[in-house]
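What follows is a set of notes on a single structure, which appears directly below.
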Amino acid sequence: EVGMEAPSGIALHDGMIFVSDAGNPAIYAFDMDGALIDYLELSGDINGMAFADDGSLWYVDPEDDSLARISP
3 EVGMEAPSGI ALHDGMIFVS DAGNPAIYAF DMDGALIDYL ELSGDINGMA FADDGSLWYV
63 DPEDDSLARI SP
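Each step along the sequence shown adds one to the number in the working numbering, with nothing skipped, and position 43 is 45.
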């Protein structure tokens, strides 16, 4: 329903479900009932993600061979 092409990662954080999309580089946030809360479009590619204890979201960009961080 939200237009994901190739979901590639999932993480739980602060009562929300975060799903990354490798086909259309973005990270989507859903509530626990599956309703879309918000999304963030990214450049490059995204294959996996994880939250750090401080709330930062880390993800891997295999296209650039890099690790990126989004801080709260």
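Even for Gly, the Cβ is constructed at its ideal location relative to N, Cα and C.
From the listed residues L44, Y61, G46 and Y41, the smallest Cα separation to A52 is found for Y61. With contacts defined as CB atoms closer than 8 Å, A8 and D23 qualify as a contacting pair. For L44, the closest C-alpha among the options V21, A54, L38 and M34 is that of V21. Nearest to A54 by C-alpha distance, out of R71, D63, L38 and D66, is R71.
Look at E65 here: in three-state DSSP terms it is coil, with no helix or strand label. The three-state secondary structure of G11, taken from DSSP, is strand.
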